[in-house]
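Enquirer:
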Amino acid sequence: MDCNTTALREVIANFPMRINPYFLSLIQSQGDPIWKQAIPDTAEIYDNICPEDPLNEDNLSPVPNLVHKYPDRVLFLVNSQCAMYCRFCTRKRKVGTEKMVVTEESLEAGYDYLRRNPAVREVLISGGDPLLLPDDKIESILLNLRKIRTIEVIRIGTRVPSVLPMRITDNLISILRKFHPLYINTHFNHPLEITSESSKACTRLADAGIPLGCQTVLLRGINDHPETLKKLFLGLLKIRVKPYYLFQADLTKGTNHFRTKTQVGIDIMRNLYSHISGMAIPTLVLDGPGGKGKIPLTPQYLIEQSETVIFKNYLGEICSYPEPRD
Ligand SMILES: *Cc1c(COP(=O)(O)O)cnc(C)c1O
Ligand code: SF4
364 MDCNTTALRE
374 VIANFPMRIN
384 PYFLSLIQSQ
394 GDPIWKQAIP
404 DTAEIYDNIC
414 PEDPLNEDNL
424 SPVPNLVHKY
434 PDRVLFLVNS
444 QCAMYCRFCT
454 RKRKVGTEKM
464 VVTEESLEAG
474 YDYLRRNPAV
484 REVLISGGDP
494 LLLPDDKIES
504 ILLNLRKIRT
514 IEVIRIGTRV
524 PSVLPMRITD
534 NLISILRKFH
544 PLYINTHFNH
554 PLEITSESSK
564 ACTRLADAGI
574 PLGCQTVLLR
584 GINDHPETLK
594 KLFLGLLKIR
604 VKPYYLFQAD
614 LTKGTNHFRT
624 KTQVGIDIMR
634 NLYSHISGMA
644 IPTLVLDGPG
654 GKGKIPLTPQ
664 YLIEQSETVI
674 FKNYLGEICS
684 YPEPRD
């Protein structure tokens, strides 16, 4: 770990830093899994491998801050700020900087696009972090989206429950619960993030009838171990959060040092399937470079597929299943 201050200043000039007192308080020692997520590292500016916008989001945006990749759902970025800036952020090129501008006009352009595109049945509100906006702003966005009758489901992507759980106030909850069906996908990466505060935030959201999912990023040196992720996913289930995706780290400029080989994730998944509750198991996905969509990465259990299909089970035992006759 390079703690040279001049070099760190250069990192921060390229990629913003923010660590709030709550998340800072979770650091137990230098270089631990919380530290590595939040504290800038000079490796960020020596990344000459990754592109700035690996998922091609900017080119897939028909209006600014709205990414339309799949036919029936869109990603709508409504805030540029986060409660802390994750060093591995996939939108590192713009989140928390003047390159990401959300205005009343850009929001209106988004609503207008959604009115003109009735095939979109789900809107994923993200950013930055939507829940860092003032309550009345959040309410206004949700009201505007709910006025568009073709939108069936609203999903909020937020890291607030894990990095600033005290933001989940009674008033915020009373707003959110008016807009069902509303889902929240939050983002925890390490068991150290499951605290009494974050547990309380999740439990209160769940009590308001909001189904909670978790999008975890597989990060080298932070959580790339089966025991760590087992503990995380089982811990999330206890606070009523269903692990949804485990992401292969994106190819984002400034984050190359966090990437694992794809086999690392696949091996971890093999250690999870059937060994722990299926409820606690997310899908490992790779977000296809260039905006090709999410591709599941799955351990191979199938050995042979003929009239009888041969498998290996979770214990490595061979088993078979006869196919039905035509
Ligand atoms: C990930 C993503 C979605 C949502 O995909 P799900 O598989 O439904 O979670 C939608 N739009 C974009 C641009 C995305 O990157
Ligand atoms: S909370 Fe999400 S958008 Fe914000 S810095 Fe972290 S990964 Fe990026």
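The numbering used here applies: residue 364 is where the sequence shown begins, and numbers increase by one. The C-beta atom is built at its ideal place from N, Cα and C for all residues, glycine as well. From a predicted model like this one, the values you see are computed outputs, not experimental measurements.
#1: I'd like to confirm the pairing. Which residues does DSSP put opposite leucine 647 in its beta bridges?
#2: Does the Cβ of lysine 655 have 16 or more other Cβ atoms within 10 Å, making it buried, or fewer, making it exposed?
#3: Could you tell me whether the Cβ atoms of isoleucine 519 and proline 544 are closer together than 8 Å?
#4: Going by the C-beta, is lysine 675 closer than 7 Å to any heavy atom of ligand 1?
#5: Who pairs with proline 685 in a beta bridge, going by DSSP?
#6: I believe asparagine 586 touches proline 396 by the beta-carbon criterion, under 8 Å. Please report the beta-carbon distance rounded to the nearest angstrom.
#7: Could you name the residues of the same chain whose beta carbon sits closer than 6 Å to that of leucine 496, not counting the 5 residues immediately before and after it, in chain order?
#8: For glutamate 420, which residues in the same chain have their Cβ closer than 6 Å to its Cβ, ignoring the five residues on either side in sequence?
#9: Drop a sphere of 10 angstroms on the beta-carbon of isoleucine 412, count the other beta-carbons inside from all chains shown, and report buried for 16 or more, exposed for fewer.
#10: With respect to the beta strand (DSSP E) encompassing leucine 487, which residues constitute its N-terminal and C-terminal limits?
#11: Pull the bridge partners of cysteine 577 from the DSSP assignment, please.
#12: Please report the distance separating the alpha-carbon of methionine 364 from that of aspartate 404.
#13: Hey, alanine 571 and isoleucine 536 are a contact pair by Cβ (cut 8 Å); roughly how many whole angstroms apart?
#14: Considering only the beta carbon of each residue, do alanine 391 and asparagine 552 sit closer than 8 Å?
#15: Under three-state DSSP, which class holds phenylalanine 311?
#16: Please report the distance separating the alpha-carbon of methionine 463 from that of arginine 478.
#17: Under 8 Å by Cβ, that's how I've got threonine 615 and proline 417 pegged, so tell me the actual separation to the nearest angstrom.
#18: For lysine 624, which residues does DSSP report across the bridge?
#19: Which same chain residues, not among the five before or five after proline 589, have their C-beta less than 8 Å away from its C-beta?
#20: Once DSSP output is grouped into helix, strand and coil, what is the label at tyrosine 433?
#21: Using the Cβ count rule (16 or more neighbours within 10 Å means buried), how would you classify methionine 447?
#22: Thinking valine 516 and tyrosine 476 are a contact (beta carbons under 8 Å), I'd like their distance in whole angstroms, please.
#23: Return the Cβ separation of phenylalanine 610 and threonine 579 in integer angstroms, given the expectation that the two are a contact with Cβ distance under 8 Å.
Expert: Quick answer:
#1: DSSP output for leucine 647 lists Leu609 as bridge partner(s).
#2: The residue in question, lysine 655, is exposed, as its Cβ has fewer than 16 Cβ neighbours within 10 Å.
#3: No, they are not a contact pair.
#4: The answer is no for lysine 675.
#5: According to DSSP, proline 685 bridges with Thr671.
#6: Confirmed, about 7 Å.
#7: Hits under 6 Å: Asn442.
#8: Excluding residues within five positions, the ones whose Cβ falls inside 6 Å are Val430.
#9: By the neighbour-count rule (16 or more Cβ atoms within 10 Å), isoleucine 412 is not buried but exposed.
#10: Per DSSP, leucine 487 belongs to the beta strand (DSSP E) from 485-490.
#11: Note: cysteine 577 sits in a beta bridge opposite Thr549 and Pro606.
#12: Model confidence at methionine 364 stands at a pLDDT of 49, short of 50, so the residue's coordinates are unreliable; what they give is reported in the following sentence. CA-to-CA, the gap between methionine 364 and aspartate 404 works out to about 7 Å.
#13: For alanine 571 against isoleucine 536, the beta-carbon gap comes to about 5 Å, under 8 Å, which counts as contact.
#14: Residue identity differs from the one stated: residue 391 is glutamine in this sequence, not alanine. Contact: no.
#15: What the structure shows of the chain is the stretch from 364 to 689, and residue 311 is not part of that stretch, so it cannot be assessed.
#16: Methionine 463 and arginine 478 have their C-alpha atoms spaced approximately 24 Å apart.
#17: Contact flag correct, Cβ pair sits at about 6 Å.
#18: Partner(s): none; lysine 624 has no beta bridge.
#19: These residues qualify, in order along the chain: Asp630, Ile631, Asn634 and Leu635.
#20: Reduced to three states, the DSSP call for tyrosine 433 is strand.
#21: Methionine 447 is buried by the Cβ-count criterion.
#22: Actually they do not touch by this definition, with Cβ atoms about 17 Å apart.
#23: That belief holds up - the Cβ atoms of phenylalanine 610 and threonine 579 are roughly 7 Å apart, short of 8 Å.
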